[in-house]
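Counting from 1 along the sequence shown, just add 41 to a position and that's the residue number in this note's numbering.
Cβ atoms here follow ideal geometry from the backbone N, Cα and C, with glycine treated the same way.
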Amino acid sequence: MNAITAAKPEIVTFGETLAVVLSASGEPLEHAESLRLTIAGAESNVAIGLARLETRVRWISRLGDDPFGAKIQKTLRGEGVETVVDWDEAAPTAVMFRQRIAGGDASVYYYRKGSAMSRMSAADVSRNWFDGAACFYFSGITPALSESAREATFEAVRLAKELGLWVCFDPNLRLKLWHGAHARQTLSALAELSDVFLPGIDEARFLLNAPQDTAPEDLIQGVADLGPKLVVMKLGPHGSLALRDGQLIKTPPHPVATVVDAIGAGDAFTAGLLSVLVREPENVEEALQLANLLGAMATQGHGDWQSLPTLRQVDLTKSGATIAR
Ligand code: KDG
């Protein structure tokens, strides 16, 4: 693992970032003759968003000693993210193929079983990861990769809390990676250990085994009963609903003229939220406003992280410039 040398981070995150292969022309992969290569990962998307908002962030992972791993590290470093990488010569970097389907959604095809990051274990988790940081952010994708990655996740949370960091957890449910009952048990246990918990509405319904038409207001107390001090339910075009110390905070969405690509908007929301809370933990209202703004701005261009705004772009938008394509 490369040495930790940069200035102390404010936020530490860890997780798997993948090489992403797309059809260059947007046609279905089965007809594609030229492809595009980029990177994506829930945790590194958030890390890029934080770096663009001038929050010091450290991303920790395990990558294959291959061109995809090299591309991931080069891209993240170029975005100002401090990378701490364990290079694995015996396992590959994960790859995801993605294609657009009707209605603007996307279908993904994972090639990540046995990936380098899936081989991370509790023994790999180090106190040095968290040195000087205030917050540890992680997602529910890492524990889904393998039993050893699941154990590494619990160890990272335990150590972060022991060292005085507050812990933010986005369940990021990926049912392609694990079975319902195991996912529910693990995500609930991690939510109980977290200070800030960021479920989407479908994830909240899944965790509570609630009917598909259950409203956010009827879910959020049940989610808070899992244990986190602050629950922020991401509602996409409907804004967000938060619960802290029994107080409900409903934040309206930031209006957008059109949605170009919603992928990564949840990670953008998280970056906006954490960039405020890491310096002003009590300023939940402002954090939610910025989170909603970033979620909206992320929908204005293609890619998981490519449309994440800089601090200057946020200020320009706040000053009244409408969010347009
Ligand atoms: O969060 C949006 C995507 O970038 C993310 O889902 C990719 O980490 C990813 C995964 O495993 O799906």
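Check	Outcome
Tell me where the beta strand (DSSP E) around Leu271 begins and ends.	Leu271 to Lys275
In or out: Asn333 buried (at least 16 other Cβ within 10 Å) or exposed?	buried
Tell me the rounded alpha-carbon separation between Thr358 and Glu130.	45 Å
Cα separation between Leu231 and Pro269?	10 Å
For the segment 135 to 194, which segments carrying the beta strand (DSSP E) assignment without a break, of at least 3 residues, lie completely within its bounds, in sequence order?	136 to 141, 147 to 152 and 176 to 180
Using the rule of at least 16 other Cβ atoms within 10 Å of the residue's Cβ for burial, across every protein chain shown, is Asn213 buried or exposed?	buried
Checking the sheet assignment: what are the DSSP bridge partners for Phe310?	Phe310 is not bridged to any residue.
What does a CB cutoff of less than 7 Å around Leu204 pick up in its chain, not counting 5 residues either side in sequence?	Arg168 and Phe171
Exposed or buried, which one is Arg366 when buried takes at least 16 other CB atoms within 10 Å?	Note that Arg366 scores a pLDDT of 40, beneath 50, so its modelled location is shaky; the value from the coordinates is reported in the next line. Exposed: under 16 other Cβ atoms inside 10 Å.
Please return the same chain residues whose Cβ sits closer than 8 Å to the Cβ of Asn324, not counting the five positions on each side in sequence.	Val317 and Leu318
Between Asn86 and the ligand KDG, is there a pair consisting of the residue's CB and a ligand heavy atom that are separated by less than 6 Å?	yes
What do you get for His295, buried or exposed, if any count of 16 or more other CB atoms within 10 angstroms of its CB means buried?	buried
Looking at Ala339 and Ala309, is the spacing between their C-beta atoms short of 7 Å?	yes
Could you pull out every residue in the same chain whose Cβ sits closer than 7 Å to the Cβ of Arg191, ignoring the five residues on either side in sequence?	Pro184 and Thr227
Report the rounded CA-to-CA distance for Arg99 versus Ala222, giving the unit in angstroms.	32 Å
Between Trp219, Arg215, Leu218 and Cys176, which has its C-alpha nearest Arg199's C-alpha?	Cys176
Once the 5 residues before and after Leu91 are set aside, which same chain residues still bring their CB inside 7 Å of it?	Ile52, Val98, Ala312, Leu315 and Ser316
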